[in-house]
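Trainee:
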Amino acid sequence: MHTGTRPEPRADAPGSNRDRLVAAAQELFWAQGVGATSPRQVLAASGVGQGSLYHHFPTKHDLAAAAVHATTTAGLDAARRDLGAQGSAVERLVRYLERPRPALAGCKVGRLVSDQAVMDDAALAAEVRAYFRGLVDLAAAVLVEGGLPDDAARDRAHAAVAVVQGGYVLARALDDPDAMSAAARGFVALLDPLPSASEDA
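So for the sequence shown, my numbering puts the first residue at 474; every next one is plus one.
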């Protein structure tokens, strides 16, 4: 089930001061974007001292780079868990599509795509693009294992990633988290059966 809630940044979150700063920045970037987030807001949300911020991250760009990298890494790790689990290619793809997500809050990485401060920055934009390419590569590899030729597998992988991103947009537009689940179910229903392992390519 997809929910509509976004967790609040926690000043009492465990971990090192650096980890707490990164976690606070991730949540604030998700909520309001990189461009609209100030170091002072990150400090307040993290609960650490100003000296720790500038010790670990001398500039806002350093903090943004670390937070964006942490966000994309976590997203790819989650996709690997879904797509690398036991089951057929279709079962693993469905697991990825139907994983519970905060539909109304939006995608943490997708939010960055609409942030001009991110996409105008070569390093941050490269991180975001690498994330989406990574998702497509992971999904395509699973579909190739399921018997699809490379081109067809990549087409479906692009579609699967687009369904998730579009599901976030549709859920927010309709103010209905179930719209995301419906989009995933509809995509799965439209899939042609993959060839069995015994069929010739």
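Positions of the beta carbon are idealized from the N, C-alpha and C atoms, including for glycine.
None of the values given here were measured: they were computed from a predicted structure.
#1: How big is the Cα-Cα spacing for residue 600 and residue 506?
#2: Let me know the beta strand (DSSP E) ranges lying completely inside the segment 515-539, each 3 residues or longer, listed in chain order.
#3: Mapping DSSP to helix, strand and coil, what is residue 512?
#4: Assess contact between the segment 489-506 and the segment 533-540, defined as three or more Cβ pairs (one per stretch) separated by less than 8 Å. Is contact present?
#5: Can you check which of these residues, 562, 590, 530 and 574, is closest to residue 510 by C-alpha distance?
#6: Using a 10 Å radius around the Cβ and a threshold of 16 neighbouring Cβ atoms, would you call residue 519 buried or exposed?
#7: If we ignore side chains and look at the alpha-carbon of each, how far apart do residue 629 and residue 523 end up?
#8: Please report the Cβ distance between residue 549 and residue 615, rounded to the nearest whole angstrom; I am assuming they are in contact, meaning their Cβ atoms lie under 8 Å.
#9: Can you tell me whether residue 606 is buried or exposed, with buried defined as 16 or more other CB within 10 angstroms of its CB?
Mentor: Judging by the given coordinates:
#1: In the sequence shown, counting from the first residue as 1, residue 600 sits at position 127. In the sequence shown, counting from the first residue as 1, residue 506 sits at position 33. Near 15 Å, if we compare the C-alpha coordinates of residue 506 and residue 600.
#2: Runs of the beta strand (DSSP E) lying entirely within the segment 515-539 and spanning at least 3 residues: none are present.
#3: Along the sequence shown, one-based indexing puts residue 512 at 39. Three-state DSSP puts residue 512 in a helix.
#4: The way I'd put it, the segment 489-506 does touch the segment 533-540; three or more beta-carbon pairs between them come closer than 8 Å.
#5: For the purposes of this step, residue 510 is taken as residue 37 along the sequence shown, with counting starting at 1. Checking every option, the nearest Cα to that of residue 510 belongs to 590.
#6: For the purposes of this step, residue 519 is taken as the residue at position 46 of the sequence shown. Residue 519 should be labelled buried.
#7: Taking the first residue of the sequence shown as 1, we reach residue 629 at position 156. Taking the first residue of the sequence shown as 1, we reach residue 523 at position 50. So the alpha carbons of these two residues sit roughly 47 Å apart.
#8: Residue 549 sits at position 76 when you count from the first residue of the sequence shown. Residue 615 sits at position 142 when you count from the first residue of the sequence shown. Not really, about 14 Å apart at Cβ, beyond 8 Å.
#9: For the purposes of this step, residue 606 is taken as residue 133 along the sequence shown, with counting starting at 1. With fewer than 16 other Cβ atoms within 10 Å, it is exposed.
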